[in-house]
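Protein sequences appear in the order of chains Z and C. Residues in the first sequence are numbered consecutively from 2, following this note's numbering. Residues in the second sequence are numbered consecutively from 15, following this note's numbering. Each residue gets a CB set at the ideal place from its N, CA and C atoms; glycine is no exception. Step one of this worksheet: look at the structure below.
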Amino acid sequence: MANEHDPACNDGTDCRDTDDSHAQADMHDHDNGDHDNNNNNDNDAVLDTTSSRPGSPAVYIKNLVCGYGKNRVLHNVDFSANTDELTAIVGSNGSGKSTLLKAIFGLCDITSGSIMARGKNITRVPTHDILKHGISYMAQRKNVFQELTLLENLSVVGGRANADQAMDHFPELKPFLGRPARTLSGGQRQLLAMAMMLINKPYVMLFDEPTAALSPKNADLIIAKIRKINEENNNCIVLVEQNVMQALNYCDRVYLLASGNVVYSGDPQVLLEDKDLASKYLGL
Amino acid sequence: MIIIYDGLIYASVLAVLCVGLTLTYKITSVPNFSHMAFAILGMYMALITSKVLGLSVYAALPLAFAASGLVSLLFYLAVIRILQKKKSSVISLIIATLAFDIFMIGVLNILADSIRNGFQVLSRDFTLRSTDIVLADGLPLVFVVSIAVLVGLALGLYYLLYRTNYGMRMRASIENETLARTLGIDTRLIFSMSWFLSGGLAGIAGVLMALWFQGDPSLAMIMLPSIFAGSIVGGFTSIYGAILGGLLVGLSEIIGTTALVDVFGYWIVQYRPIIPFIAMIATLLVLPGGLAQLVTIIRQRRLKGKNA
Chain Z
2 MANEHDPACN
12 DGTDCRDTDD
22 SHAQADMHDH
32 DNGDHDNNNN
42 NDNDAVLDTT
52 SSRPGSPAVY
62 IKNLVCGYGK
72 NRVLHNVDFS
82 ANTDELTAIV
92 GSNGSGKSTL
102 LKAIFGLCDI
112 TSGSIMARGK
122 NITRVPTHDI
132 LKHGISYMAQ
142 RKNVFQELTL
152 LENLSVVGGR
162 ANADQAMDHF
172 PELKPFLGRP
182 ARTLSGGQRQ
192 LLAMAMMLIN
202 KPYVMLFDEP
212 TAALSPKNAD
222 LIIAKIRKIN
232 EENNNCIVLV
242 EQNVMQALNY
252 CDRVYLLASG
262 NVVYSGDPQV
272 LLEDKDLASK
282 YLGL
Chain C
15 MIIIYDGLIY
25 ASVLAVLCVG
35 LTLTYKITSV
45 PNFSHMAFAI
55 LGMYMALITS
65 KVLGLSVYAA
75 LPLAFAASGL
85 VSLLFYLAVI
95 RILQKKKSSV
105 ISLIIATLAF
115 DIFMIGVLNI
125 LADSIRNGFQ
135 VLSRDFTLRS
145 TDIVLADGLP
155 LVFVVSIAVL
165 VGLALGLYYL
175 LYRTNYGMRM
185 RASIENETLA
195 RTLGIDTRLI
205 FSMSWFLSGG
215 LAGIAGVLMA
225 LWFQGDPSLA
235 MIMLPSIFAG
245 SIVGGFTSIY
255 GAILGGLLVG
265 LSEIIGTTAL
275 VDVFGYWIVQ
285 YRPIIPFIAM
295 IATLLVLPGG
305 LAQLVTIIRQ
315 RRLKGKNA
């Protein structure tokens, strides 16, 4: 948020106060992205989830500076998410969590930095081509086409045959296939959006607050689905989550953002035990 | 009899133009004030085909579709898309389309003069009515073709939008461009195609107009109120609204003018554009969403009636 923001931080480079410096060191301890990244020449088949070794970075972001127009949201962010893992991004409102996901999909203005996906540079790839690199994205709101029927929503992504196949994983939706998506409940709509994401068998799935505005019961259902997808496909899942406690319980790795900087990355349990960080940024 | 021909040919052509105008507005949110210029280009394609190349005017239909479609596509790619990328306001976009209309009128004037000087062909206030084929009982072919084009367009667009994958992607892109892009739909291609289609349809409308009415570059401004009136009466968001709006405004223009001439004398013809203006103002005051809104209201009432 702007009022929390130190004016000296505007250039994005010398932003880190002393509090953040140990977090930076921490981040490098847990970050094994650098050397694996150069070793990905064998990953030419684009929509193949099996060719990435577990534990290797599926998405790797370096020195990312981005925002909307002249307004910079992220300052020099490093980020990596591994295959087979569930990575959560937490932080307060306006800390740049959603912007980080949007940057991967080219939905905000990137000033500098690079975004790699399985060794390929996708920093300036047009939004509609990102999916071809095996990455799918679920927006927080407006993530289904309201006026199209469920079947049309699924077909628009992957054609009719794949739409039928996707339905096998979401039997809850089968009775409503012919109805316009606007008639669905909030939870059903999120399920549909997930089904649409899964159609192309992505190896990276980005979720922007999938449980926002859902009842606790529906939220649990969605999270259970996401974990099941992760287990079955061994793919890389990145999740922006407002409900910190919940996220820390099930994720394999966590990034904590504050005012557009990474202040912690690594094991969620370590973050919980770090009284300093937990009280300052998570209100725990 | 002549008033029926006048009315229905004009109304059908107007409806085709309204569909094109509505299409680009709905898909790319640009009220295109140069839409009529694409039709006049079609008119001159008809003149060239008939008087210069000596072919049947109907051979100009594919030619006009391609020529006007390409000009429309180029205008979109070279001007509109760049402005939209810079997040220009609707007002800037409107001014850009108006400027392009003025530019096109200039180009069409040059074209008209070149045709006259180069081939000694009357190229202003010209009509190709005498070259049309007359069917039994003095029925002109253009009358049948105009209505057939409109019906074909209505059915064709329905098929395209609701029965093909491409149409599904089009509807998806109209509703939520960002979502469409994240799901791998190349919305740039869809938007470009809609401008090509819209311009091409205007070209066809121009050929049909030249077969019955008088063609002149000045029509690019003169007919503009009518196509906007038709689109606004239709709701400006609905293809079928545009068809009905165009038919309604077209028929009331022809019948209204004839009736006014009977009462006031021939001088009143000068004031013909007042009819589309009244239609536009009345719609915006009484039913801003046009016929499309009317349909929604009736549907909701019916649903309530069923539930009660």
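In terms of Cβ geometry, Ala59 (chain Z) and Ala82 (chain Z) form a close pair [threshold 7 Å]. Here the alpha carbon of Met57 (chain C) sits roughly 8 Å from the alpha carbon of Ala78 (chain C). Along the length of the segment 121–145 of chain Z, whole beta strand (DSSP E) runs at least 3 residues long occupy 136–139, reported in chain order. Residue state for Ala213 (chain Z) is assigned as coil, using DSSP reduced to three classes. In this structure, Leu155 (chain C) sits away from Ile253 (chain C), with a CB-CB distance that is not shorter than 7 Å. A contact between stretches requires three or more CB pairs, one per stretch, nearer than 8 Å, and the segment 126–141 of chain Z meets this requirement with the segment 178–195 of chain C. Residues Leu87, Met206 and Asn231 of the same chain have their beta carbon placed closer than 6 Å to that of Ile238 (chain Z), with the five preceding and five following residues left out of the count. Under the three-state reduction of DSSP output, Tyr204 (chain Z) falls in the coil class, being neither helix nor strand. Runs of the alpha helix (DSSP H) lying entirely within the segment 69–156 of chain C, each at least 4 residues long, are 74–89, 95–99 and 104–133 in chain order. Contact between Leu193 (chain Z) and Val91 (chain Z) does not hold, since their C-beta atoms are separated by about 26 Å, which reaches or exceeds 8 Å.
A distance below 7 Å separates the beta carbons of Lys63 (chain Z) and Ser115 (chain Z).
Shortest Cα-Cα distance from Phe114 (chain C) to any of C:Val263, C:Ala168, C:Phe47 and C:Tyr173 involves C:Phe47. Any Cβ of chain Z closer than 7 Å to the Cβ of Ala306 (chain C) would place that residue at the interface, and such an atom is absent.
Taking the beta carbon of Leu193 (chain C) as reference, the chain Z residues within 8 Å of it are Ala140, Lys143, Asn144, Val145 and Phe146, listed in sequence order. The beta-carbon of Gly198 (chain C) is placed less than 7 Å from the nearest beta-carbon of chain Z. Out of C:Tyr173, C:Ser245 and C:Ala216, the CA that lies nearest to the CA of Ala81 (chain C) is found in C:Ala216. Among the bridge pairs identified by DSSP, Ile18 (chain C) is matched with none. Between Arg177 (chain C) and Ile199 (chain C) the beta-carbon gap is near 18 Å, outside 8 Å, which marks them as no contact.
Counting only the Cα atoms, Ala89 (chain Z) lies some 10 Å from Gly267 (chain Z). DSSP places Pro181 (chain Z) in the strand class (E or B) of the three-state scheme. Within 8 Å of the CB of Met182 (chain C), the CB atoms of chain Z belong to Leu149, Glu153, Ser156 and Val157, in sequence order along the chain.
For Val30 (chain C) and Leu142 (chain C), the gap between their C-alpha atoms comes out near 20 Å. Between Pro290 (chain C) and Ser212 (chain C), the C-beta spacing is not below 7 Å.
When C-alpha distances from Tyr19 (chain C) are compared across C:Val283, C:Ala219, C:Arg313 and C:Trp226, the shortest belongs to C:Trp226. Note that the C-beta distance between Val263 (chain C) and Gly279 (chain C) is not below 7 Å.
Residues of the segment 109–137 of chain Z with a C-beta atom less than 9 Å from some C-beta of chain C are Pro127, Thr128, His129, Asp130, Ile131, Leu132, Lys133 and Ser137, listed in chain order. CA-to-CA, the gap between Val78 (chain Z) and Ala259 (chain Z) works out to about 11 Å. Residue-level contact by beta carbon fails for Glu267 (chain C) and chain Z, as no gap is shorter than 7 Å. Cβ-Cβ distances below 7 Å link Leu174 (chain Z) to Leu151, Met168, Gln189, Leu192, Leu193 and Ala196 in the same chain, with the five nearest sequence neighbours on each side left out; the list follows chain order. The residue among Z:Pro172, Z:Cys67, Z:Ser96 and Z:Ser156 with its C-alpha nearest the C-alpha of Arg125 (chain Z) is Z:Cys67. Residue burial is scored here from C-beta neighbours: Arg315 (chain C) has fewer than 16 other C-beta atoms within 10 angstroms and is therefore classed as exposed.
Contact of Ala186 (chain C) with chain Z is assigned, a C-beta pair being separated by under 7 Å.
DSSP places Phe227 (chain C) outside both helix and strand once states are collapsed to three, so it counts as coil.
By the CB criterion at 7 Å, Leu274 (chain C) and Ile268 (chain C) fall outside the cutoff. When DSSP states are grouped into helix, strand and coil, Val60 (chain Z) belongs to the strand group.
Selection C:Leu261, C:Leu88, C:Tyr173 and C:Gly270 evaluated against Ser160 (chain C) yields C:Leu261 as nearest (Cα-Cα).
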